[in-house]
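Numbering (our numbering), first residue to last: 73 to 143.
Idealized CB from N, CA, C, for every residue including glycine.
Structure first, then comments.
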């Protein structure tokens with residue numbers, strides 16, 4: 073294989089992973105002013121203040137009951 077073909081193949085492979093890392097059109101907005109992340113259809117919002125950290129969870133936009141959960 074020529075070096076130019078190898079470089080082209082690597083570049084094309086790398087471009088695919090860059091597009092796969094996109095947010096896939098999800099428009100997650102923080103509801104409590106924190107940082108939001110999504111994993112397995114659940115949205116996690118971490119809110120930091122001077123004296124505490126709060127974690128809010130939503131499943132498909134609906135709040136998740138966190139009573140009894142510990143960290």
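Alpha carbon to alpha carbon, what distance is there between residue 116 and residue 104? So the alpha carbons of these two residues sit roughly 11 Å apart.
Inter-residue Cα distance where the pair is residue 118 and residue 124: Looking at the two C-alpha atoms, the distance is approximately 11 Å.
For residue 136, I'd like the list of residues in its chain whose CB is within less than 8 Å of its CB, leaving aside the five on either flank, ordered along the chain. Excluding residues within five positions, the ones whose Cβ falls inside 8 Å are 114, 129 and 130.
Got a sec, what are the start and stop residues for the beta strand (DSSP E) residue 99 sits in? Unbroken run through residue 99: none, as it is neither H nor E.
When you compare only the Cα positions, how much space is there between residue 141 and residue 127? Across the structure, residue 141 and residue 127 are spaced so that their CA atoms are roughly 11 Å apart.
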